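What follows is a short report on a single structure.
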Amino acid sequence: MSLEILLIIAFGGAFLVYFSGKISPNLRDRFAVFISLLLVLIISCLYGKNIEKTFYMGFLGIPLVLRVNMLSWLFAMVISSIGSLSVIFSLSYIRYKEKTDFYYLMLLLVNSAMLGIVMAGDLASFFIFWEIMSWTAFFIICYKRGPALAAGIKYIVLSIIGSMAMLIGVLSIQTRFDTLIIPELSAKFASASSGYILFILITFGIGFGVKSAVVPLHTWLPDAHSQAPTPFSAVLSGVLTKMGIYGFILFFYFILVLNQFLGLGSDVFNLHNILCWIGAITIVIPTFIALLQNDAKRLLAWHSIGQIGYIILGISIGTSMGVASGIFHMLNHATFKALLFLTVGAVEYRTNGIRDLNSLGGLMKKMPVTFIAALIGALGIIGVPLTNGFVSKWMIYKTLILNTHPFLAFAALLGTWGTILSLYKFVHNIFLGQLPEKLKDVKKAPFDMQFSLIILSIVIILFGVLPGIPLKVINSIIGSAGFSTLNISIWGIASETGTLNTINIFAAILGVGVIVWLIFKAGRQSKQVDQYDNYAAGFAIPKDKYHYTVEYYAPFYRMATPFLVDIFDIIYEKIAKAIENICDCIRKIYTGYVGNYVMYIVFFMAFLILIQLKWSVF
Amino acid sequence: MNIIAILISPLIALITGMFFLGISRKIMARLQWRYGPPIMQPVIDVIRSFSQMSISHGSLFDFGIIVSLTGSFVLTLFLPTGELCVFTSGGLIAFIYLMLLEPLGIALSGAAAANPNSSIGISRKFLLSLAYEIPLLLVLLAVMTRYNTISLVEIVKIQESTGWAIGSWTLVLPGIAYFLILPAILGVRPFEMVKATQEISSGPVAEFGGKHLAFSILQHALHMFIGVALFVDIFLGGWTLFGLLDPLSGTLWVVILGIIIFLFKMTFVLVIEIFINAVYPRYRIEQAMNYLLKWPTLISFIGLIIVVLVK
Numbered sequence: 001m002s003l004e005i006l007l008i009i010a011f012g013g014a015f016l017v018y019f020s021g022k023i024s025p026n027l028r029d030r031f032a033v034f035i036s037l038l039l040v041l042i043i044s045c046l047y048g049k050n051i052e053k054t055f056y057m058g059f060l061g062i063p064l065v066l067r068v069n070m071l072s073w074l075f076a077m078v079i080s081s082i083g084s085l086s087v088i089f090s091l092s093y094i095r096y097k098e099k100t101d102f103y104y105l106m107l108l109l110v111n112s113a114m115l116g117i118v119m120a121g122d123l124a125s126f127f128i129f130w131e132i133m134s135w136t137a138f139f140i141i142c143y144k145r146g147p148a149l150a151a152g153i154k155y156i157v158l159s160i161i162g163s164m165a166m167l168i169g170v171l172s173i174q175t176r177f178d179t180l181i182i183p184e185l186s187a188k189f190a191s192a193s194s195g196y197i198l199f200i201l202i203t204f205g206i207g208f209g210v211k212s213a214v215v216p217l218h219t220w221l222p223d224a225h226s227q228a229p230t231p232f233s234a235v236l237s238g239v240l241t242k243m244g245i246y247g248f249i250l251f252f253y254f255i256l257v258l259n260q261f262l263g264l265g266s267d268v269f270n271l272h273n274i275l276c277w278i279g280a281i282t283i284v285i286p287t288f289i290a291l292l293q294n295d296a297k298r299l300l301a302w303h304s305i306g307q308i309g310y311i312i313l314g315i316s317i318g319t320s321m322g323v324a325s326g327i328f329h330m331l332n333h334a335t336f337k338a339l340l341f342l343t344v345g346a347v348e349y350r351t352n353g354i355r356d357l358n359s360l361g362g363l364m365k366k367m368p369v370t371f372i373a374a375l376i377g378a379l380g381i382i383g384v385p386l387t388n389g390f391v392s393k394w395m396i397y398k399t400l401i402l403n404t405h406p407f408l409a410f411a412a413l414l415g416t417w418g419t420i421l422s423l424y425k426f427v428h429n430i431f432l433g434q435l436p437e438k439l440k441d442v443k444k445a446p447f448d449m450q451f452s453l454i455i456l457s458i459v460i461i462l463f464g465v466l467p468g469i470p471l472k473v474i475n476s477i478i479g480s481a482g483f484s485t486l487n488i489s490i491w492g493i494a495s496e497t498g499t500l501n502t503i504n505i506f507a508a509i510l511g512v513g514v515i516v517w518l519i520f521k522a523g524r525q526s527k528q529v530d531q532y533d534n535y536a537a538g539f540a541i542p543k544d545k546y547h548y549t550v551e552y553y554a555p556f557y558r559m560a561t562p563f564l565v566d567i568f569d570i571i572y573e574k575i576a577k578a579i580e581n582i583c584d585c586i587r588k589i590y591t592g593y594v595g596n597y598v599m600y601i602v603f604f605m606a607f608l609i610l611i612q613l614k615w616s617v618f
Numbered sequence: 619m620n621i622i623a624i625l626i627s628p629l630i631a632l633i634t635g636m637f638f639l640g641i642s643r644k645i646m647a648r649l650q651w652r653y654g655p656p657i658m659q660p661v662i663d664v665i666r667s668f669s670q671m672s673i674s675h676g677s678l679f680d681f682g683i684i685v686s687l688t689g690s691f692v693l694t695l696f697l698p699t700g701e702l703c704v705f706t707s708g709g710l711i712a713f714i715y716l717m718l719l720e721p722l723g724i725a726l727s728g729a730a731a732a733n734p735n736s737s738i739g740i741s742r743k744f745l746l747s748l749a750y751e752i753p754l755l756l757v758l759l760a761v762m763t764r765y766n767t768i769s770l771v772e773i774v775k776i777q778e779s780t781g782w783a784i785g786s787w788t789l790v791l792p793g794i795a796y797f798l799i800l801p802a803i804l805g806v807r808p809f810e811m812v813k814a815t816q817e818i819s820s821g822p823v824a825e826f827g828g829k830h831l832a833f834s835i836l837q838h839a840l841h842m843f844i845g846v847a848l849f850v851d852i853f854l855g856g857w858t859l860f861g862l863l864d865p866l867s868g869t870l871w872v873v874i875l876g877i878i879i880f881l882f883k884m885t886f887v888l889v890i891e892i893f894i895n896a897v898y899p900r901y902r903i904e905q906a907m908n909y910l911l912k913w914p915t916l917i918s919f920i921g922l923i924i925v926v927l928v929k
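If you're matching them up, the sequences are chains Z and H in order.
Each step along the first sequence adds one to the number in my numbering, with nothing skipped, and position 191 is 191.
Count along the second sequence from 1, add 618, and you get the number used in my numbering.
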């Protein structure tokens, strides 16, 4: 299957879905699921292929190249699978809302554009697909209007700044090297001066940094993620932010040669050291800001930024295990963050849009599958053993400790503890504790929602117990980037300085667990009681009031709130306000009275005549 | 050998943990001029509770406590008890992560009970663990960086040749910091606010009775063992005692004597902790966080800087 047909199916399918929606909504739903699953199928057939195809379409005389290799295959697989799960989830979620056709069109277009980005073999088509992605994402973020519009505008303004910076980079490369084809560029960059490389990396880095929400370019993300329709939040957080990561990996290790990237700058102010520290800051501060949030999606959105920090830290450390851990964590974050967003979506769907963590509770018994999925997602993002998050985080920590970066390792570990606190709060406040009376009649999530949740949960556990499956692909990626490959078996990583063997941990937990469970079974049968048969020091239990969720970590909030402020957001808001004020002043000229405009014209003419009379310039 | 080790190390941990619970009650009683319960009392409690009927708030309520006890037993397999260490996979980093299973299990179980006392206790537990994990992580990173390994067994082995970590000038500060946060890890008196019997009715375990309570006592015993054992392994040289066992090396006696030396060191540390427990009142959670994030963190941070500079 050639690549242009893949992209034609992706883009054409999106429009076909849109027009079929005009005929019948059922046809549209089936068609959307079919297209997205077809893409997964085609891409999985491309495994291990190395195709490159050039088109001379005469676009400004620049050849357009499409290609696929292991790196783009992995990203394409993540995009298409998360995309199709999100489409399946949308079936119930979006059915009775307005502009459904438009929603599906944009959702499928974003996925197609992202497929285009990872399959682009030259920077011109890369940039075109990048812009399609930015704009279609903007339309979905604004789907709900109201506050969503403000969030969307914030997103698109930062996005445009990023893509303009990127455009400068593309133009500069074109004028200097006279080619934009990626494999050719790496030969040209080999002889470029380090100053020029730095310039290119900064221009592209702003574009990628905005998309992947690296501090200080992250401010659009919490608003956009929380305002977008939830199935799209999963795509936004799971996949769209990863396009920036794809760009970073592409530039650091495939366009530049390995040593070229690591050798940029002096010993102390090395570019990759600085990036590591940016990654560390991106982990710690957003994770602790997440702890203060009360909106479920906003909490997860801040965690997205935090997890991006781990990925940045991994890929910029520049050792083979570091880069492998970064790519692996990218994959894992796509799974568990999509899962967490989708569970919020399911809860939102069944409770008529309640996302406030303070007004939910006790939904565990009403939505058991959703609860288990949320728990697995939470364990994954924390990195509890036997989930995929554990393996990638273990690799990051090990790299950092053995390369003597204990402070970076500390930042990474600290981020994990912040994650535990806020994700426990997330699970507890939605699913545990007392069930409020108003949520008594909540039904369990419909099957198509549960389907996406179950698939993602299985993937998280599967990659956690058998990390060798994804690591094999990642190994060949880092091999093609010039790193020494890791020694990987199906259940772990062997090395001289510490081996990870997940099957050992799995066997120990399973074996001991079964024994403990049997002993537990051997005890007397316990009596099942409901939530109102509870200890209350002898008093009757007041309904709806015997629940502890508001200000879950109150002492911490009192201590930390003054320190956990998003300074960059405030600065950007101030800049935006200042620009708005300047524009307002300029706008005062346009009063709307014709008389005033005539006056301006007369004054201007008089001014010209004066100049002519005095100095006779014209 | 390996199968025997798999059976023996959890058993040693369990017996020692129950013994620790027993002697801590006895020593506390004697310090307060009481006679105190017999040392076997916690064992009797467990057996009695196990045979009594309990209430259950659903499957998560049962599942949580099973996970918690499982986590504790698994940790004993990953911990060098004397020279016995069954699994080494993943080293100290995996160990830190496996330590999460205990509190997470209790937290799920307690929250499934739908009792605000439990939820308050869990919230305090997580805040307290955030506060003590910050110095603890700095300490563990200092040790791992100093010895350039992530393996717990390696760390003990290196101490066998170079002397106890707490005796070396590079690691003395992390050692002191660890000792300062040890009461918080064990959950004894100045940092007892998680259970706070008089305030929030035993916190996370408020709803536990019967076999659930028996399991939570066992889990507590194992937790005491693991908390102290990790300190002994990392800073007090594990099973080593000034080369006393060198002439016997290679025989089974080393293993047995190693375990005895190890348990002796642990008892010593525990008795000091009980004395601290006896003289202090309970902190509030803010006071505990203030303390933990101030002195131990500062000391361990300086310790880590020294380790990095030496390298």
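Cβ atoms here follow ideal geometry from the backbone N, Cα and C, with glycine treated the same way.
None of the values given here were measured: they were computed from a predicted structure.
Reduced DSSP category for residue i - H, G, I as helix; E, B as strand; rest coil
i               : result
N270 of chain Z : strand
T179 of chain Z : coil
D544 of chain Z : coil
D122 of chain Z : strand
E580 of chain Z : helix
S736 of chain H : helix
G708 of chain H : coil
L386 of chain Z : coil
G322 of chain Z : helix
V889 of chain H : helix
Y590 of chain Z : coil
L718 of chain H : coil
W871 of chain H : helix
Bridge-paired residues (DSSP) for residue i
i               : result
G492 of chain Z : Z:S489 and Z:N501
K53 of chain Z  : Z:L66
G265 of chain Z : Z:N270
K527 of chain Z : H:I673
L702 of chain H : H:T699
D356 of chain Z : Z:D295
Proximity winner among the options, relative to residue i (alpha-carbon distances)
i               : options                           : result
E904 of chain H : H:A749, H:S727 and H:S786         : H:A749
Q528 of chain Z : H:A731, H:L697 and H:L854         : H:A731
I488 of chain Z : Z:S480, Z:T502, Z:G468 and Z:S359 : Z:G468
F138 of chain Z : Z:S233, Z:S86, Z:L123 and Z:F447  : Z:S233
I79 of chain Z  : Z:Y93, Z:I42, Z:S92 and Z:W517    : Z:I42
V239 of chain Z : Z:K337, Z:A187 and Z:I575         : Z:K337
Contact set between residue i and chain Z, taken where Cβ atoms lie within less than 7 Å
i               : result
P734 of chain H : Y546, H547 and Y548
H841 of chain H : What H841 of chain H touches in chain Z: nothing, since even the nearest Cβ is about 15 Å away.
V692 of chain H : A508, I509 and V512
Y715 of chain H : G383, V384, P385 and F390
Distance CB(residue i)-CB(residue j) smaller than 8 Å
i               : j               : result
G723 of chain H : V774 of chain H : no
G345 of chain Z : T241 of chain Z : no
L627 of chain H : V704 of chain H : Checking the sequence, you will find Ser at residue 627 of chain H rather than Leu. Yes, Cβ-Cβ distance for S627 of chain H and V704 of chain H is below 8 Å.
F637 of chain Z : F252 of chain Z : Outside the displayed span of chain Z (1 to 618) sits residue 637 of chain Z, for which this structure offers no information.
Y901 of chain H : P808 of chain H : yes
Proximal chain H residues relative to residue i, where beta-carbon distance stays under 9 Å
i               : result
G362 of chain Z : A732
T404 of chain Z : T763, N766, V926 and K929
Interface partners of residue i on chain H, CB under 7 Å
i               : result
L413 of chain Z : L755
Proximal chain H residues relative to residue i, where beta-carbon distance stays under 8 Å
i               : result
K527 of chain Z : M671, S672, I673 and S674
A409 of chain Z : L759
N50 of chain Z  : Here the premise fails: no neighbours, minimum Cβ distance about 35 Å.
Chain-ordered chain Z contacts of residue i [CB-CB under 8 Å]
i               : result
M907 of chain H : P555, F556 and M559
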